[in-house]
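All the letters of the sequence shown, read from the start, carry residue numbers 1 to 516 under UniProt numbering.
Heads up: the structure comes next, in structure tokens.
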Amino acid sequence: MEAAGGGVPAPAPAPGRARPVQLQPQPQPPPKNREPFRSQRKESEGSVDCPNLEFQYGDADSHGVELAELYSYTEEPELNTNRRCFEDDFHTQVQGRRWLELDGAQQKAYVMHLLDGLEVVNRDKRLKVARAILYLAQGVFGDCDNEGDVLHWSRHNSFLLYRLGTFTAFLELLNMEIDNSQACSSALRKPAISLADSTELRVLLSVMYLMVENIRVEQEADPPEWKTCRETFRMELSFPVHTEEPFALLLFTMVTKFCSGHAPHFPMKKVVLLLWKVLLFTLGGFEALQEMKVKKREELGLPPLPEDSIQVMRSMRAASPPTFSIELMEQQQQQQQQKRGHRSRRPLMKQDSLDIYNERDPFKNDEAGVDEEENDDVDSGIEGELDLMERDAIIPTMPAQRPPIERVSFPKGLPWAPKVRQKDIEHFLEASRNKFIGFTLGQDTETLIGLPRPIHESVKTLKQHKYVSISDIQIKNEQELEKCPMSLGEEEVQETPCEILYRAMLYNLPQYMVSL
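Encoded structure:
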């Protein structure tokens with residue numbers, strides 16, 4: 001933060017501490033009751049042009065970061081528990097060898113042995129086998145030397161587990177745990193929920209999350225059979241193959257049960273993370289959405305999109321959070337002072353996501369406020385000169401504060417290409433005809449007789465930026481179907497993963513929205 005008198009950095013006073021003693025004379029401090037507001041405002045304002053945030057606008061973070069997002073610090077002891085459960089069983093089946101030393105056939109045989117153990121009646125034995133499978137999905141970190149090896153074996157084991165039917169087996173166990181009324185009633189009677197109440201659920205959800213995330217991520221070195229497994233897994237999650245509903249709907253149901261208070265022991269962090277990755281895997285990310293848009297517009301005979309909105313967003317600077325209520329109070333007090341005739345320094349505006357396109361004059365807002373106050377009799381020439389000196393002292397330091405960033409070249413103004421609808425042109429012509437001619441021509445946008453030349457130029461500009469969206473075509477087709485239901489018949493809806501999920505969620509969609 002820069003001091004109010006120039007470009008010299010000054011540390012912000014910590015809340016609850018006295019200001020450091022300074023030898024140079026200081027101006028008269030404000031009244032005592034305004035000191036907290038002043039310190040809060042100074043801490044929240046920051047500089048006019050702060051550097052760009054370390055933020056990447058994408059579907060997900062790097063593979064290792066997304067896997068680490070699953071765990072919390074309180075679960076660290078369970079990592080060794082998973083390893084111990086695996087090693088105790090593995091050494092009884094394979095003598096004197098490690099998992100990394102087995103060939104493909106031996107690894108498949110041992111995984112089938114673990115899957116047989118999931119069918120036992122004893123709950124504790126079943127949990128130990130599930131922990132051993134979780135250790136495999138975590139990459140057998142006890143036998144690896146570095147993080148790269150752990151990520152490699154985690155992906156390798158995830159594909160192996162999926163090919164042998166592990167995900168289907170864990171899905172059945174997850175349904176059993178969700179319907180476990182004894183665990184729900186036990187959790188409801190407790191005053192506080194602990195990790196022990198959700199042990200089985202956390203193990204099951206962790207295995208399923210690791211499998212989904214490892215199989216979802218594509219890499220160039222993936223063998224052909226992995227690509228086939230990925231597409232098969234995507235279809236399995238998208239369409240109700242083993243159950244009567246998509247897998248994502250089951251996770252949505254877990255969210256609603258937790259929020260309604262019927263299942264307070266559900267581990268919501270793991271549920272929401274798994275739900276996010278399942279939706280991202282089955283419905284596609286930003287690139288898939290853009291490809292679908294381009295393909296659909298070609299099918300409907302529409303012109304191509306003027307730009308990729310995601311690429312535009314990636315070039316923009318992250319926006320500041322909304323203004324705090326305490327800053328609004330401070331601004332109201334300043335406005336009251338200005339009405340009384342007292343000059344006060346205007347606070348610096350918070351950073352906006354569109355500043356990158358309108359940054360020729362960073363003090364544009366301040367200067368506009370100064371111009372409005374030029375007519376006040378209280379303003380003196382000395383204060384104006386001080387303001388100019390302060391700005392001259394701050395402006396040279398600004399280019400050095402911003403790191404070089406990659407950006408898309410846009411003309412001055414908004415970063416997106418302007419889009420005009422057909423109704424906008426019709427409304428504009430209707431208003432112009434009423435004003436200059438006295439009558440309208442309905443939806444006619446070609447006849448411009450009797451209108452002045454500037455209206456002709458405006459209509460020409462509007463038509464140059466005319467944009468017809470896919471939704472406009474869909475609404476028009478729907479209206480035609482409503483007018484002629486007998487002759488046109490029913491609409492043919494394509495069975496896409498998004499359509500199937502929407503149809504399953506439709507009846508309880510408000511509950512899902514409120515719960516999320």
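Positions of the beta carbon are idealized from the N, C-alpha and C atoms, including for glycine.
Computed from a predicted model, the values in this text were never measured in an experiment.
Taking Cβ positions, are residue i and residue j nearer each other than 7 angstroms?
i: Trp226; j: Phe159; result: yes
i: Leu195; j: Lys270; result: no
i: His456; j: Leu448; result: yes
i: Ser198; j: Pro267; result: yes
i: Lys277; j: Glu231; result: no
i: Phe436; j: Leu451; result: yes
i: Phe170; j: Val207; result: yes
i: residue 518; j: Gln443; result: Residue coverage of the chain in this structure runs from 1 to 516, which leaves residue 518 outside it and unanswerable.
i: His265; j: Ile215; result: no
i: Glu218; j: Glu200; result: no
i: Tyr73; j: Met313; result: no
i: Gln511; j: Thr256; result: yes
Against chain D, with Cβ distances strictly below 7 angstroms, would residue i count as a contact?
i: Asp424; result: Of the protein chains in the structure, only one exists, and it is not chain D.
Could you tell me the distance, in whole angstroms, from the CA atom of residue i to the CA atom of residue j?
i: Glu66; j: Gln335; result: 48 angstroms
i: residue 517; j: Gln474; result: Outside the shown range of the chain, which is 1 to 516, sits residue 517, and nothing can be said about it.
i: Phe247; j: Val203; result: 18 angstroms
i: Met505; j: Thr81; result: 38 angstroms
i: Glu78; j: Leu127; result: 12 angstroms
i: Asn180; j: Ala187; result: 11 angstroms
i: Cys184; j: Thr282; result: 30 angstroms
i: Gln332; j: Gln311; result: 39 angstroms
i: Leu251; j: Leu516; result: 11 angstroms
i: Tyr209; j: Glu482; result: 44 angstroms
i: Glu147; j: Tyr135; result: 15 angstroms
i: Tyr110; j: Gln93; result: 8 angstroms
i: Leu300; j: Glu492; result: 15 angstroms
i: Ser75; j: Gln138; result: Strictly speaking, residue 75 in this sequence is Glu, with Ser absent from that position. Distance between the alpha carbons of Glu75 and Gln138: 14 angstroms.
i: Thr440; j: Glu245; result: 54 angstroms
i: Asp103; j: Arg97; result: 11 angstroms
i: Ala132; j: Leu237; result: 24 angstroms
i: Val294; j: Phe286; result: 13 angstroms
i: Leu302; j: Thr253; result: 39 angstroms
i: Phe410; j: Glu307; result: Because Phe410 carries a pLDDT of 46, less than 50, the predicted location of this residue cannot be relied on, and no value is offered for it.
i: Gln494; j: Glu480; result: 19 angstroms
i: Gln95; j: Gly261; result: 48 angstroms
i: Ala288; j: Glu298; result: 16 angstroms
i: Pro485; j: Ser309; result: 37 angstroms
i: Phe258; j: Ala105; result: 42 angstroms
i: Leu305; j: Gln182; result: 55 angstroms
i: Asp116; j: Thr496; result: 35 angstroms
i: Gln401; j: Arg317; result: Here Gln401 scores only 49 on pLDDT, less than 50, and its place in the model is too uncertain to base an answer on.
i: Met292; j: Ala263; result: 38 angstroms
i: Asn434; j: Ser458; result: 16 angstroms
i: Val514; j: Pro415; result: 33 angstroms
i: His465; j: Glu499; result: 31 angstroms
i: Asp371; j: Tyr71; result: Only weak support exists for where Asp371 lies, its pLDDT of 47 falling under 50; the value from the coordinates is given anyway. C-alpha separation (whole angstroms): 55 angstroms.
i: Trp99; j: Asp149; result: 13 angstroms
i: Glu119; j: Glu490; result: 47 angstroms
i: Glu488; j: Glu478; result: The question names Glu, but residue 488 in the sequence shown is Leu. Between Leu488 and Glu478, the C-alpha separation is close to 11 angstroms.
i: Asp222; j: His91; result: 30 angstroms
i: Lys460; j: Lys423; result: 15 angstroms
i: Arg83; j: Arg123; result: 19 angstroms
i: Asn175; j: Leu275; result: 15 angstroms
i: Lys476; j: Arg503; result: 22 angstroms
Throw me the rounded Cβ distance for the residue i and residue j pair, which I believe falls under 8 angstroms.
i: Met112; j: Leu164; result: 6 angstroms
i: Val129; j: Leu114; result: 5 angstroms
i: Leu161; j: Met211; result: 6 angstroms
i: Leu279; j: Glu69; result: In fact, because the Cβ distance is near 16 angstroms, the residues do not count as touching under 8 angstroms.
i: Leu249; j: Leu509; result: Rounded, the Cβ-Cβ distance is 11 angstroms, inconsistent with contact.
Should residue i be listed as close to the ligand GTP, given that the test is whether its C-beta is under 6 angstroms from any heavy atom?
i: Leu67; result: Questions concerning the ligand GTP fall outside what the structure shown contains, since it holds no ligand whatsoever.
Would the region 62–79 count as touching the region 144–162 if we require 3 or more Cβ pairs under 8 angstroms?
Contact between the region 62–79 and the region 144–162 is present: three or more C-beta pairs spanning the two stretches fall below 8 angstroms.
May I have a chain-ordered list of the alpha helix (DSSP H) segments no shorter than 4 residues that lie completely inside the region 82–163?
Correct list: 104–117, 123–137, 147–163.
Kindly confirm or deny that the region 81–92 and the region 131–149 touch, where touching means at least three C-beta pairs closer than 8 angstroms.
Flag = yes, the region 81–92 and the region 131–149 touch.
Is the region 418–425 close to the region 464–474, with three or more CB pairs under 8 angstroms?
Verdict: yes, contact present.
Just to confirm the assignment: which complete alpha helix (DSSP H) runs, minimum length 4, are found wholly within the region 194–251?
Listed in chain order, the complete alpha helix (DSSP H) runs (minimum 4 residues) inside the region 194–251 are 199–216, 224–238.
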